[in-house]
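One line per chain: the protein sequences are A and B, in this order. Heads up: the first sequence at position 41 corresponds to 41 in my numbering, and the numbers run straight through without jumps. If you count the second sequence from 1, you need to add 172 to reach my numbering. Think of the CB as a built atom: it goes at the ideal place given N, C-alpha and C, for glycine as much as any other residue. Just so you know, these numbers come straight off a predicted model, no measurement behind them. For reference, the structure is listed below as structure tokens.
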Amino acid sequence: MKRKIIVFIIIAVCYLLQTTLFEWLAFASISPNLLIIVVASFGFMRGKKEGMFIGFFAGLLLDIFNGSVLGFYALLYMYIGYFNGMFRKLFYPEDIKLPMLLIAGSDLSCNLFIYFIMFLFRNRYNFNYYFLQLMIPELVYTMVVTIFLYFAILKINRKLEAIEKRSASKFV
Amino acid sequence: MKRKPKFILPTKYILLIMTGVCIVAMLLCFTLGISGGPLNTVAGYVFIPMQKGINSVGAWFGEKSDNLKKLSDVMAENEELQRQVDELTTELNTIKLEQYELENLRELFELDQKYPSYDKVAANVIGKDGGNWFTNFTIDKGSNDGIEVDMNVIAGSGLVGIVTDVGPNYAKVSSIINDTVNVSGMVTTTSDNLVVNGSLQNMNENMVIEFSNLNDKDDAVAVGDAVVTSYVSDQYQQGILIGYISTITTDSNNLTKSGTLTPAVDFEHIQEVLVILNKKQTAES
């Protein structure tokens, strides 16, 4: 229960920062994608199931306030959480290479998917432009933010796991 | 007594079920045009107050970072600004002429009576789209203030967009520079109709949006002409300024023209908007 509340708070804070503060701090009208960092991190830290649900709710939040169709972002983020969950066995907290790689991959595939569904089908063929001017800048900016946000999430997750272990050992 | 092991559904199946839920939600959205409903209400009351608060902090930070940027680039910017002053002075002269022309035309069209008589409600922009693909934003007034879906949103004198979804205390606005949006417009000087469509690429590169299907046989439409919303549009009120034509080219079919126009609204720094409470009356409604 405690975990659910804290995860909800993390999602809420990141969503709020993403839609307000970082929109103001956008470089060349590109802002980072904080929610994808949260979804991907919880995916590979906690496994498929939790990644999936966190992705679903983070996406739902985007759908309600920003999306044009309810369910689109929820579906996309849910799959991102799920696929990141597959890498749980490879994940070691001390190693930052895999998390960075996974978050970068998630952000890029998320944007590619949006491009294919929302732009390519409407005859916007200039892929190079969108790739170089939109996806890559967002990727770089997101990676910069990841360095800070990932360690915060990692710390919170460790604290939570420690608390859960303690309360579990009480009942044995 | 042996206890039954608790049945746990494998994650794969949960994923499938949730995928189904999402797809059904999307289909319902497309076919019936419904949106969140109670979800909107709950989410609205949880997030909107927080968003308002943080947005003011964000605005402060934005201002500060702008200040820093100005300090370091002040020399280069000064030069740039000087050049801009000259440019703007000439522009102002053309605009003055245009305004005179516009006023005359408004009198002719009796737009004067229609335009200011709309009921408007002022609202603040409190959040922008989370991603970089679209320019939607959230405003801090909703159905409690009488806002409904399909109401037009303006800022200053120009058209910003249209309300696509409302909650009790917030509304989602889709702007006219969105890549997916088309608006029927009309050139004020010749009252020729055209279609304005948003373009992400053109907006990011040159701060312009595209128009097409302009039927102008006599070459009467010129760069700088004002484009307003047309009477043929079924969503937008007539006579709201969209922008000024910046380039015109003749299409390969030699019949129609297309080009770009500069929007009248500065979409980067939009903070306060007005929502027109009158909705366009159409045959259906």
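For residue i and residue j, I'd like the C-alpha separation in whole angstroms.
i	j	result
L119 (chain A)	F72 (chain A)	Note that residue 119 (chain A) is Phe in the sequence shown here, rather than Leu. Their Cα atoms are separated by approximately 14 Å.
N316 (chain B)	L35 (chain A)	30 Å
S237 (chain B)	F27 (chain A)	11 Å
D284 (chain B)	R278 (chain B)	Because D284 (chain B) carries a pLDDT of 47, less than 50, the predicted location of this residue cannot be relied on, and the following value inherits that uncertainty. So the alpha carbons of these two residues sit roughly 6 Å apart.
G105 (chain A)	I195 (chain B)	24 Å
V297 (chain B)	N426 (chain B)	42 Å
P182 (chain B)	K49 (chain A)	9 Å
V367 (chain B)	S41 (chain A)	44 Å
Y272 (chain B)	G411 (chain B)	16 Å
I448 (chain B)	L331 (chain B)	10 Å
G431 (chain B)	A394 (chain B)	11 Å
K2 (chain A)	F53 (chain A)	16 Å
L17 (chain A)	L61 (chain A)	13 Å
I30 (chain A)	F121 (chain A)	23 Å
A327 (chain B)	Y408 (chain B)	14 Å
D406 (chain B)	W24 (chain A)	34 Å
Y129 (chain A)	S169 (chain A)	55 Å
D337 (chain B)	G299 (chain B)	14 Å
F22 (chain A)	K178 (chain B)	45 Å
Y77 (chain A)	C110 (chain A)	8 Å
P210 (chain B)	I64 (chain A)	11 Å
M198 (chain B)	A343 (chain B)	20 Å
T213 (chain B)	G339 (chain B)	6 Å
I believe residue i touches residue j by the beta-carbon criterion, under 8 Å. Please report the beta-carbon distance rounded to the nearest angstrom.
i	j	result
A74 (chain A)	F56 (chain A)	5 Å
I311 (chain B)	V445 (chain B)	6 Å
S402 (chain B)	S329 (chain B)	Incorrect: roughly 17 Å between the Cβ atoms, too far for contact.
N350 (chain B)	F383 (chain B)	Between F383 (chain B) and N350 (chain B) the Cβ distance is about 15 Å, and since that is not below 8 Å, they are no contact.
V122 (chain B)	V345 (chain B)	Chain B is shown only over 173 to 457; residue 122 (chain B) falls outside these bounds and no answer can be derived.
V39 (chain A)	I80 (chain A)	6 Å
N365 (chain B)	V404 (chain B)	6 Å
F91 (chain A)	L101 (chain A)	Not quite, the Cβ-Cβ distance comes to about 11 Å (not below 8 Å), so this is no contact.
M379 (chain B)	T419 (chain B)	Not confirmed; about 13 Å, so no contact.
List, in order along the chain, the chain B residues whose C-beta lies closer than 8 Å to that of residue i?
i	result
K49 (chain A)	T183, I186
Y82 (chain A)	T183, L187
I114 (chain A)	G303, W305
Y129 (chain A)	Q373
Find the residues of chain A that neighbour residue i, judging by a C-beta separation of less than 7 Å, and give them in chain order.
i	result
N376 (chain B)	S29, Q133
In chain B, which residues lie with their C-beta within 9 Å of the C-beta of residue i?
i	result
L120 (chain A)	Those within 9 Å of L120 (chain A) in chain B number zero; the least Cβ separation is about 12 Å.
M78 (chain A)	L187, M190, T191, C194
A12 (chain A)	V218, F219, M222
L90 (chain A)	What L90 (chain A) touches in chain B: nothing, since even the nearest Cβ is about 18 Å away.
N33 (chain A)	G302, G303, N304
Residue i touches chain A at which residues, Cβ-Cβ below 8 Å?
i	result
D245 (chain B)	In chain order: nothing, as chain A lies at least about 14 Å away.
F202 (chain B)	V69
K344 (chain B)	F65, N66
M198 (chain B)	V69, L70, G71, F72, L75
Say whether chain D places a C-beta atom closer than 7 Å to the C-beta of residue i.
i	result
L102 (chain A)	Structure shown: chain D not included; protein chains present are A and B.
What residues from chain B crowd round residue i, counting only those whose CB sits closer than 7 Å?
i	result
F56 (chain A)	M190
A152 (chain A)	Within chain B, no residue comes near A152 (chain A); the closest Cβ sits about 17 Å away, beyond 7 Å.
A74 (chain A)	C194
Could you name the residues of chain A that residue i contacts, counting a contact when the two beta carbons are closer than 9 Å?
i	result
N308 (chain B)	F65, N66, G67, S68
D351 (chain B)	M118, F119, R122, R124
Of all the residues that make up the region 210-239 of chain B, which are near chain A by a beta-carbon distance shorter than 8 Å?
-> L211, N212, A215, V218, F219, M222, Q223, I226, N227, V229, G230, A231, F233, G234, S237
Determine, using beta-carbon pairs with one atom in the region 181-188 of chain B and one in the region 130-146 of chain A, whether at least three such pairs fall under 8 Å.
-> no
Residues within the region 425-445 of chain B neighbouring chain A, beta-carbon criterion of under 8 Å = E440
Given 8 Å as the limit, is there contact between the region 221-233 of chain B and the region 81-97 of chain A, that is, 3 or more CB pairs closer than that?
-> no
Compile a chain-ordered list of the residues in the region 288-304 of chain B whose CB is closer than 9 Å to at least one CB of chain A.
-> I298, G299, K300, D301, G302, G303, N304
Within 7 Å of chain A by C-beta, residues of the region 357-383 of chain B in sequence order | Q373, N376
In the region 314-340 of chain B, which residues sit with their C-beta less than 9 Å from some C-beta in chain A, listed in chain order?
-> T336, D337, G339
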